[in-house]
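There are 2 protein chains.
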Amino acid sequence: MSQLAQQPCEACRSDAPPVSEQEIKTLQREIPEWSLVQRDGIPQLERVFAFRNFKQALAFTNQVGDLAEQAGHHPALLTEWGKVTVFWWTHAINGLHKNDFILAARTDALLTQAP
Amino acid sequence: MSQLAQQPCEACRSDAPPVSEQEIKTLQREIPEWSLVQRDGIPQLERVFAFRNFKQALAFTNQVGDLAEQAGHHPALLTEWGKVTVFWWTHAINGLHKNDFILAARTDALLTQAP
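For the protein sequence lines, the chains are A and B, in the order given. Number 93 in the numbering used here belongs to position 81 of the first sequence; there are no gaps in the numbering. Number 32 in the numbering used here belongs to position 20 of the second sequence; there are no gaps in the numbering.
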């Protein structure tokens, strides 16, 4: 598990500062499989996870859902046959907060855990 | 439950004919909450279901997932805080088959069942 995955999430309010471009570059090195995308005009972190079938994909969606509930921070999860696309961003600021990078790293860490 | 929801799905091969425009108009009357959209250039049925929070949204995603596994026909499910967007289409023909309308009607019927 990366060091980033072990950091605590901070409470995030609508006046919280988004991460700077320099911080994004530094944090992205910890989660190299994630892409920085614009979705509905909002910067988000995106990663596609591949699975053998729909059932395994849905099981992973539920794992990420549990992680989200524990953190009180929720992604968008696109579940399809054989893949799950995960999007992390912070609704309160319509952008990226350090929490999103922490949760992306924790999502990666789920892959190394038993289902 | 609509009559459509009670019809059996047919096996669908890559040479199966997609539904005609006239058939689409007739079938759409049975599932008035669904929109006909183009996603990645493929015609699909889309409906957004609203929920109180992430947990309830994810529970619905799992209900639709169970329905899909039983039918052997799988949608794309976008799970977010307070909503699930369901997309039905037929991968084998890159378009809409009658099965998609049947599964959309069955998805509607889930709302009237206990979770």
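For each residue, glycine too, the CB sits at the ideal point set by N, CA and C.
Nearest to residue i (by Cα), restricted to the options the options
i: residue 81(B); options: 27(A), 50(A), 92(A) and 52(A); result: 92(A)
i: residue 115(B); options: 90(B), 53(B), 46(B) and 64(B); result: 46(B)
i: residue 41(A); options: 15(A), 53(A) and 75(A); result: 15(A)
i: residue 124(A); options: 112(A), 53(A) and 75(A); result: 75(A)
i: residue 117(B); options: 86(B), 62(B), 43(B) and 78(B); result: 43(B)
i: residue 83(A); options: 119(A), 37(A) and 28(A); result: 119(A)
i: residue 37(A); options: 78(A), 57(A), 21(A) and 99(A); result: 57(A)
i: residue 88(B); options: 73(A), 26(A), 18(A) and 86(A); result: 73(A)
i: residue 77(A); options: 18(A), 99(A) and 63(A); result: 99(A)
i: residue 39(A); options: 27(A), 26(A), 28(A) and 19(A); result: 19(A)
i: residue 86(B); options: 22(A), 69(A) and 32(A); result: 69(A)
i: residue 33(A); options: 48(A), 122(A), 79(A) and 121(A); result: 48(A)
Below-8 Å beta-carbon distance, residue i vs any chain B residue
i: residue 58(A); result: no
i: residue 88(A); result: yes
i: residue 122(A); result: no
i: residue 74(A); result: yes
i: residue 110(A); result: no
i: residue 37(A); result: no
Contact with chain A by residue i, beta-carbon distance below 8 Å
i: residue 107(B); result: no
i: residue 93(B); result: yes
i: residue 80(B); result: yes
i: residue 115(B); result: no
i: residue 53(B); result: no
i: residue 70(B); result: yes
Contacts around residue i, its chain only, beta-carbon distance under 6 Å, and the 5 residues preceding and following it disregarded
i: residue 128(B); result: Look at the range of chain B in this structure, 13 to 127, and you will see that residue 128(B) is not part of it.
i: residue 17(A); result: 117, 118 and 121
Secondary structure of residue i, DSSP reduced to three states
i: residue 84(A); result: coil
i: residue 59(A); result: strand
i: residue 45(A); result: coil
i: residue 51(B); result: strand
i: residue 76(A); result: helix
i: residue 90(A); result: strand
i: residue 102(A); result: strand
i: residue 38(B); result: helix
i: residue 124(A); result: coil
Beta-carbon proximity list for residue i, same chain, < 7 Å, skipping 5 on both sides
i: residue 30(B); result: 105, 107, 108 and 109
i: residue 102(B); result: 24, 108, 109, 111 and 112
i: residue 54(B); result: 101, 106 and 107
i: residue 52(A); result: none
i: residue 26(A); result: 104 and 105
Cβ-based neighbour list, residue i, same chain, cut-off 8 Å, excluding 5 preceding and 5 following
i: residue 65(A); result: 93 and 94
i: residue 35(B); result: 110
i: residue 50(B); result: 56
i: residue 62(A); result: 94 and 95
Per-residue contacts from residue i into chain C (C-beta, under 8 Å)
i: residue 63(A); result: This model lacks chain C altogether; the protein chains it does include are A and B.
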